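**Student:** Mind having a look at this structure? Questions to follow.
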Amino acid sequence: MNDLNLQSFQNFARVVPNQFQQLLQMVTPIIQRQNTNFRDAISPGERLMITLRFLATGESFRSLHYAFRIGCSTLIELIPETCRVIYQVLKERHLKCPTTADEWKKVSEGFQTTAKFPSCLGALDGKHIRIRPPPHCGAQFFNYKHFNSIVMMALVDSNYRFLYVDVGCNGRVSDDMSMPFFVVADEAFPLKSYLMKPFARRGLSREQRVFNYRLSRARRIVENTFANRFRVFLSTIDLDPNVVEVIVLASCALHNYLRDECGNAYLCGLTDQDGQETWRQDPPLQQAALPRSTNASSEAKQNRERLMEYFNSEAGAVPWQWDRL
Numbered sequence: 001m002n003d004l005n006l007q008s009f010q011n012f013a014r015v016v017p018n019q020f021q022q023l024l025q026m027v028t029p030i031i032q033r034q035n036t037n038f039r040d041a042i043s044p045g046e047r048l049m050i051t052l053r054f055l056a057t058g059e060s061f062r063s064l065h066y067a068f069r070i071g072c073s074t075l076i077e078l079i080p081e082t083c084r085v086i087y088q089v090l091k092e093r094h095l096k097c098p099t100t101a102d103e104w105k106k107v108s109e110g111f112q113t114t115a116k117f118p119s120c121l122g123a124l125d126g127k128h129i130r131i132r133p134p135p136h137c138g139a140q141f142f143n144y145k146h147f148n149s150i151v152m153m154a155l156v157d158s159n160y161r162f163l164y165v166d167v168g169c170n171g172r173v174s175d176d177m178s179m180p181f182f183v184v185a186d187e188a189f190p191l192k193s194y195l196m197k198p199f200a201r202r203g204l205s206r207e208q209r210v211f212n213y214r215l216s217r218a219r220r221i222v223e224n225t226f227a228n229r230f231r232v233f234l235s236t237i238d239l240d241p242n243v244v245e246v247i248v249l250a251s252c253a254l255h256n257y258l259r260d261e262c263g264n265a266y267l268c269g270l271t272d273q274d275g276q277e278t279w280r281q282d283p284p285l286q287q288a289a290l291p292r293s294t295n296a297s298s299e300a301k302q303n304r305e306r307l308m309e310y311f312n313s314e315a316g317a318v319p320w321q322w323d324r325l
């Protein structure tokens, strides 16, 4: 395959041929269908290509119908089925949350190395996934920006890999997470002993601005991981919310698989971006979709103050932190 065809293939499916063939070998035993007397079955390769194209572009079923000459009703069944299988074959190896102290320590060491942010176990953020609501659901999925959505919450490590993904039907997310150290998030989240957020933006001291920038450098990893590799996240998905959850999970598992298999080549365009990502044009998560909190505990405030002091000390300061003040 020449370079032009290779690039065209990658642009079309968001994977290179080698990764496509590896993935096809994994899913074929499950998605293979038998021919009948009336028609030939859609091949596993075509099923996978259609699904990857849907995830890569967010194209409508009508558009995919014209591109692949397959009926919309078939596509509506085929794509979720294939997404379930992609998630099934990839999740154990490529979308597995750390479970041991050593595994979490490696996550923390990664943030220390790449972002110079100590004791961090991940960057946490969320995204509205636009959907068409099921009949008779009322305002269950209708958000404050006047469109229907479910919320994807994700914890990401310093290597732009999803550690944990939660897709809630109506944007509600549990507040009972407990882990050592802490994760970093934006101002939409409550300050907790295990969750660091920026200082409020008004009237900040120089030290507080340094803290906010250092935190944003660590947290932007999750924003860049949410970047436009799979543009299905930017479209309205015209399927049942339970099916949308499977599509989101398959996309995250596929992202980690490609990150693991392709290394830094897959990260081209995702890393070291200080600007606003395209998906950030979406509205931020509304407060009602996040854990509600009264005043932050004294422990949480003390943890943030200690981090602020460290980032402004000779031991914790880095040269580039002064450039953005």
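Read the sequence shown against UniProt numbering and you will find it ends at 325, with the numbers running on by one and no gaps. We put the beta carbon where it would ideally sit given N, CA and C, even for glycine. In this text the structure is predicted, and so the values were computed from the model without any measurement.
1. Quick check on V222: buried or exposed, where buried means 16 or more other Cβ atoms within 10 Å of its Cβ?
2. For I42, which three-state DSSP category applies?
3. According to the neighbour-count rule (16 or more other Cβ atoms, all chains shown, within 10 Å of its Cβ), is K301 buried or exposed?
4. State buried or exposed for P134, treating a residue as buried only when at least 16 other CB atoms are found within 10 Å of its CB.
5. With a threshold of 16 other CB atoms inside 10 Å of the CB of C97, please say whether the residue is buried or exposed.
6. Is the Cβ-Cβ distance between R130 and N159 less than 8 Å?
7. What is the residue span of the beta strand (DSSP E) that C120 lies within?
8. Could you please give me the residues that DSSP links to N148 through a beta bridge?
9. Leaving out five residues on either side along the sequence, give the residues of the same chain with a beta carbon under 6 Å from the beta carbon of E314.
10. I'd like to confirm the pairing. Which residues does DSSP put opposite Y164 in its beta bridges?
11. Using the Cα positions of E305 and L191, report the straight-line distance between them to the nearest angstrom.
12. For K106, which of helix, strand or coil comes out of DSSP?
13. Three or more beta-carbon pairs under 8 Å between the stretch 26-39 and the stretch 54-73, yes or no?
14. Closest by CA to A56, which one among E309, I247, S297, A317?
**Tutor:** Based on what the coordinates show:
1. Under this definition V222 is a buried residue.
2. coil
3. exposed
4. exposed
5. exposed
6. no
7. 120-130
8. F142
9. So the list is empty, once near-sequence residues are dropped.
10. L155
11. Distance between the alpha carbons of E305 and L191: 12 Å.
12. helix
13. no
14. I247
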